[in-house]
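Below is one structure, written out as structure tokens; comments come after it.
In our numbering, the protein residues as written are 2 to 252.
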């Protein structure tokens, strides 16, 4: 059940330290079903807002504006400090948020995050009408192509065939490249958990190693036989790695 308050639409479950989940460019809230199921039982509040990727003015369709949206949402909810968990573009928004608003951060979790390396997030989208091409691209996100269900492929196909959404997708992709975080990361002290698929083709393993090297307070965990969306392909392993890290760091 989604809640709607003012400009915010979000899912919320559980009580305790808030884990705010940020989805990616082509990712829906359902990508985090396993996270939403697991962590409320462990004493956390899981909150998954819908990011305004396709609804904000084109001038506010960028990483910086989205991280401000997240900050405003945290203030709206009255949270003191939060854990931000982001996949892909969501990871990039979480990283930018940690740079801009460190006082609101208890911890940061990134998986398959953009921010250092964009493997042509934008270059492949203009092939609009070709369903098989979109299907192949969607399957490439995962180690096991079967994870790219018809529902997922249909959603991506609909997005790239909607002219406004396509323009905004390309705008976001360009913004992600523009907001490269390499110079910022060494100054960021938020405890950071990096969980990465060993077989990620979108943001390859060396990207995770670079994040781990540049972030002063980070730890890197690998998931084998896993692509760009670890929390979907290996939900139990993802949840256990994250839970142990949170416990170890008293978060």
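Cβ coordinates follow ideal geometry from the N, Cα and C atoms, glycine included.
These numbers come from a predicted model, not from an experiment.
DSSP places residue 89 in the coil class of the three-state scheme, outside both helix and strand. In summary, residue 131 is exposed, with fewer than 16 beta-carbon neighbours lying within 10 Å of its beta-carbon over all protein chains present. Burial state of residue 219 is buried, judged by a 10 Å Cβ sphere holding 16 or more other Cβ atoms. Collapsing the DSSP output to three states places residue 11 in a strand. Per DSSP, the continuous beta strand (DSSP E) segment holding residue 4 begins and ends at 3-6. When the alpha-carbon of residue 177 is set against those of 54, 110 and 162, the nearest one is in 54. If you compare the alpha carbons of 239, 172, 16 and 157 with that of residue 196, the shortest gap goes to 239.
Counting every other CB atom within 10 Å of its CB across the protein chains shown gives residue 31 a total below 16, marking it as exposed. Boundaries of the alpha helix (DSSP H) harbouring residue 165: 164-179, taken from the DSSP string. Leaving aside the five residues that flank residue 148 on each side, the residues in its chain whose CB is nearer than 7 Å to its CB run, in chain order, 233 and 234. DSSP lists 83 as the bridge partner or partners of residue 106. Between residue 52 and residue 75, the CB-CB gap reaches or exceeds 8 Å. Looking at the backbone, the Cα of residue 188 and that of residue 151 are separated by about 42 Å. Residue 208 holds the alpha-carbon nearest to the alpha-carbon of residue 112 among 60, 7, 168 and 208.
Residue 46 sits in a strand when the DSSP states are folded into three classes. When C-beta atoms of the stretch 11-25 are compared with those of the stretch 210-225, fewer than three pairs fall below 8 Å, so the two segments do not count as touching. Secondary-structure assignment with DSSP links residue 112 through a beta bridge to 88.
Distance from residue 110 to residue 135 at the Cβ level is roughly 29 Å; contact not present, criterion being Cβ atoms closer than 8 Å. Counting along the chain, residue 18 sits inside the beta strand (DSSP E) bounded by residues 18-23. Counting only residues of its own chain and dropping the five nearest sequence neighbours on each side, residue 37 has a CB closer than 7 Å to the CB of 12, 14, 47 and 49.
In the assembly as shown, residue 21 is a buried residue. Its beta-carbon has 16 or more other beta-carbons within 10 Å.
Between the alpha carbons of residue 56 and residue 138 lies a distance of about 25 Å. Residue 24 is a Cβ neighbour of residue 88, given a cutoff of 8 Å. Residue 71 is not a Cβ neighbour of residue 93, given a cutoff of 8 Å. Residue 30 carries a helical assignment under DSSP once its states are collapsed to helix, strand and coil.
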